[in-house]
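First the structure, in the form of structure tokens, and then the observations on it.
Number of protein chains: 2
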Amino acid sequence: MARAATTTDAFNAVAEPRRRQILDILAGGERPVNDLVRLLGVSQPQVSKHLRVLREVGAVDVREEGRQRHYRLNALALKPIHDWVKNYERSWSERFDRLDVVLEELEGEGDGGGDE
Amino acid sequence: MARAATTTDAFNAVAEPRRRQILDILAGGERPVNDLVRLLGVSQPQVSKHLRVLREVGAVDVREEGRQRHYRLNALALKPIHDWVKNYERSWSERFDRLDVVLEELEGEGDGGGDE
DNA sequence: TTGATATATAACCATATGAGAATATAATTA
DNA sequence: TAATTATATTCTCATATGGTTATATATCAA
Chain A
1 MARAATTTDA
11 FNAVAEPRRR
21 QILDILAGGE
31 RPVNDLVRLL
41 GVSQPQVSKH
51 LRVLREVGAV
61 DVREEGRQRH
71 YRLNALALKP
81 IHDWVKNYER
91 SWSERFDRLD
101 VVLEELEGEG
111 DGGGDE
Chain B
1001 MARAATTTDA
1011 FNAVAEPRRR
1021 QILDILAGGE
1031 RPVNDLVRLL
1041 GVSQPQVSKH
1051 LRVLREVGAV
1061 DVREEGRQRH
1071 YRLNALALKP
1081 IHDWVKNYER
1091 SWSERFDRLD
1101 VVLEELEGEG
1111 DGGGDE
């Protein structure tokens, strides 16, 4: 089997840095394709193809207006990524530093509770 | 050009669900390879190859002990992912709901300030 | 030493890729 | 209508992939 398709989920889609760049731009507001082409300095077909992937995973929505397609961010599609990586945040937070490993081994299972 | 190597960065490495699973397990504490093989129900070579990728992006560290290799999470390697996706969190937070889009268009650029 | 155990690597394969180039489609303008 | 503009699609290609199988390497046990 080959690698999973980029359109499989948000994780695969945003593994490509250019697509993250596109989302970063769209975070500032809706944009027609040509804006992205200029801002990124990438060929138009490349931009369209990246947008297709982002569309397929639901990370962007399109609004048609004349011959332009205005793309808009749909950040909700990125929530699974945030939800997953969020659980690792404590590991690099200086509050837990190196201690968390020890604590987790002591805990075993069962939630002892904690702030936040 | 083909897709970027899985070992290019954390984004590419964790696009593969099995590798996220491995990290999730290691979040509970250090584990020898065979534990992962049993817990995942995946062939040993597969696990070793996934671990190699995670090692190359710095997401895991190894400790050798006899003939076992104990793998341990290094969550700091996931911070770039968190840092990136964090900026989108407000978009699905109910506090901003649909309003954020309007606000961002009004802002244009320049930080008007806000709580938090 | 011989055998078993733990892990890594290599060889093979089917497949999806990102980039580029060319072209298709649709909307606008002259 | 013809030309132009905006965008999407198709084609081709080199490449890295994830899984499988087989094998290599190292450690431990008998």
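So the sequences go chain by chain: A and B.
Sequential numbering of the first sequence, starting at 1, is according to the numbering used here.
Sequential numbering of the second sequence, starting at 1001, is according to the numbering used here.
Where is the CB? At the ideal position from N, CA and C, for every residue including glycine.
Listing by chain order, which chain B residues have their CB less than 7 angstroms from the CB of E56(A)?
The contacting residues do not exist; E56(A) stays about 15 angstroms from chain B at best.
Is the distance from the Cβ of L51(A) to the Cβ of V57(A) below 8 angstroms?
no
Determine the burial state of S1091(B): buried for a count of at least 16 other Cβ atoms within 10 Å of its Cβ, exposed for fewer.
buried
Using CA atoms only, rank isn't needed, just tell me which of V33(A), F11(A), E16(A) is closest to G66(A).
V33(A)
Could you tell me the alpha carbon to alpha carbon distance between V1014(B) and V62(A), rounded to whole angstroms?
28 angstroms
Is it the case that the Cβ atoms of L1076(B) and A1027(B) are separated by a distance below 8 angstroms?
no
With which residues is Q21(A) paired in a DSSP beta bridge?
Q21(A) pairs with nothing; no bridge assigned.
Partner residues on chain B for L78(A), Cβ-Cβ distance less than 7 angstroms
V1085, Y1088
What residue from L54(A), D9(A), T8(A), D24(A) has the CA that sits closest to D1083(B)'s CA?
D24(A)
Pick from Y1088(B), Y1071(B), A1005(B) that is closest to L1036(B), judged by C-alpha positions
Y1071(B)
Comparing alpha-carbon positions, which option in R1019(B), A1005(B), Q1068(B) lies nearest V1047(B)?
R1019(B)
Which partner residues of Q1068(B) appear in the DSSP bridge assignment?
E1065(B)
Between which residues of its own chain and A1010(B) is the CB-CB distance below 7 angstroms, once the five residues before and five after are set aside?
V1057, A1059, A1077, L1078, P1080, I1081
Could you work out which residue in L39(A), V85(A), Q44(A), V53(A) is closest to T7(A) when comparing CA atoms only?
V53(A)
Got a sec: is the Cβ-Cβ distance from S91(A) to anything in chain B below 8 angstroms?
yes
Among L40(A), I22(A), A5(A), P17(A), whose alpha-carbon lies nearest the alpha-carbon of P1017(B)?
A5(A)
Consult DSSP for V1014(B) and reduce its assignment to one of helix, strand or coil.
coil
Would you say A1005(B) lies against chain A (beta-carbon separation less than 8 angstroms)?
no
Mind checking R1038(B): buried by the 16 CB within 10 Å criterion, or exposed?
exposed
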